[in-house]
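Novice: The following block contains the structure, expressed as structure tokens.
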DNA sequence: TCAATATCACTGCCTTAGCAGTAAAATATT
DNA sequence: AATATTTTACTGCTAAGGCAGTGATATTGA
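Chains as they are written, first to last, in our numbering: chain A, 1 to 87; chain B, 88 to 174.
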């Protein structure tokens, strides 16, 4: 599960799965997320060149969260906390 | 941490943090990931409209993984396993 | 301090993502 | 089976993402 096509394909299915269970059509989800219907269609189809703001909008509408983690995550979180709390 | 600008801002910092620790310049990371230098710059700046294929390439180069999870994740994983194993 | 390196922020060019509209194909409902 | 709804897969259009190149502004190191 490290190649792009696989990841996006599965993500598309994840979106579709949630949408269906929520009883929404692609157009309803598109309106809810504030994107075009083609974008929802493309995401569910696994298109790899969608822009993250649009993807994020659709995921948020379906209560799907994104998480990023790298090998230096712990150190980063510590450092990032100081950057954001100090004014 | 649910708004887009915040998420992308933090992700940009995460990338930069990993890149610096790896001792790479933006151009070296760009070449490594197979994207343009402007794209690395934009990601680190927190640009929200980058395309996921480019983002994914940069994250992969830095060993940063993405994970998606929604409320129906368990059910989805069960269903998805059947879809992918059955030929 | 001074020089080398890196980053920033802008440019013009080309490509294409996103959009609504549409008709055909596939699903679902009665 | 017949009908309604939804999804698919295309269209042309417009806006902007990605790119390399560039000079100005940091940042780093000797």
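For glycine and all other residues, C-beta sits at the position ideal for the given N, C-alpha and C.
So, using beta-carbon positions, are residue 175 of chain B and residue 113 of chain B closer together than 8 Å?
Specialist: Since the first residue of chain B shown is 88 and the last is 174, residue 175 of chain B is not available in this structure.
Novice: Report whether the distance from the Cβ of residue 78 of chain A to the nearest heavy atom of the ligand SAH is below 7 Å.
Specialist: Absent from the structure shown: the ligand SAH. Ligands present: none.
Novice: Since residue 14 of chain A and residue 155 of chain B are thought to touch, with beta carbons under 8 Å apart, how far apart are those beta carbons, to the nearest angstrom?
Specialist: Confirmed, about 6 Å.
Novice: Using DSSP bridges, identify the partner residues of residue 89 of chain B.
Specialist: Looking at the DSSP assignment, residue 89 of chain B forms no beta bridge with any residue, so it has no partner.
Novice: Using only CA atoms, which one of A:18, A:4, A:33, A:79 lies nearest to residue 167 of chain B?
Specialist: Nearest option by C-alpha distance: A:18.
Novice: With C-beta atoms as the reference, is residue 5 of chain A less than 8 Å away from residue 75 of chain A?
Specialist: Cβ atoms of residue 5 of chain A and residue 75 of chain A: not closer than 8 Å.
Novice: Using DSSP with H/G/I as helix, E/B as strand and the rest coil, what is residue 151 of chain B?
Specialist: If DSSP states are grouped into helix, strand and coil, residue 151 of chain B belongs with coil.
Novice: Can you check whether the C-beta of residue 88 of chain A is within less than 8 Å of a C-beta belonging to chain B?
Specialist: Nothing can be reported for residue 88 of chain A, as the shown portion of chain A is limited to 1 through 87.
Novice: Between residue 91 of chain B and chain A, is there a C-beta pair that is closer than 8 Å?
Specialist: Cβ-Cβ to chain A under 8 Å: yes for residue 91 of chain B.
Novice: Starting from the beta carbon of residue 101 of chain B, find every residue of chain A whose beta carbon is closer than 7 Å, and list them in chain order.
Specialist: Result: 68, 70, 76.
Novice: Classify residue 63 of chain A: buried if its beta carbon has 16 or more other beta carbons within 10 angstroms, exposed otherwise.
Specialist: Classification for residue 63 of chain A: exposed.
Novice: Just checking my contact of residue 46 of chain A with residue 8 of chain A at CB under 8 Å: how many whole Å lie between their CB atoms?
Specialist: Right, the Cβ-Cβ distance comes to about 4 Å (below 8 Å), so this counts as a contact.
Novice: Hey, how far is the Cα of residue 157 of chain B from the Cα of residue 38 of chain A?
Specialist: Near 22 Å, if we compare the C-alpha coordinates of residue 38 of chain A and residue 157 of chain B.
Novice: Could you tell me which of A:59, A:42, A:21, A:44 sits nearest to residue 32 of chain A, measuring between CA atoms?
Specialist: Looking at the Cα atoms, A:59 is the closest of the given residues.
Novice: Assuming residue 66 of chain A contacts residue 153 of chain B (C-beta within less than 8 Å), just tell me the rounded distance between them.
Specialist: About 6 Å; that satisfies the 8 Å criterion.
Novice: Over the uninterrupted alpha helix (DSSP H) stretch that includes residue 127 of chain B, give me the two end residues.
Specialist: 124-132 is the span of the alpha helix (DSSP H), which, as asked, contains residue 127 of chain B.
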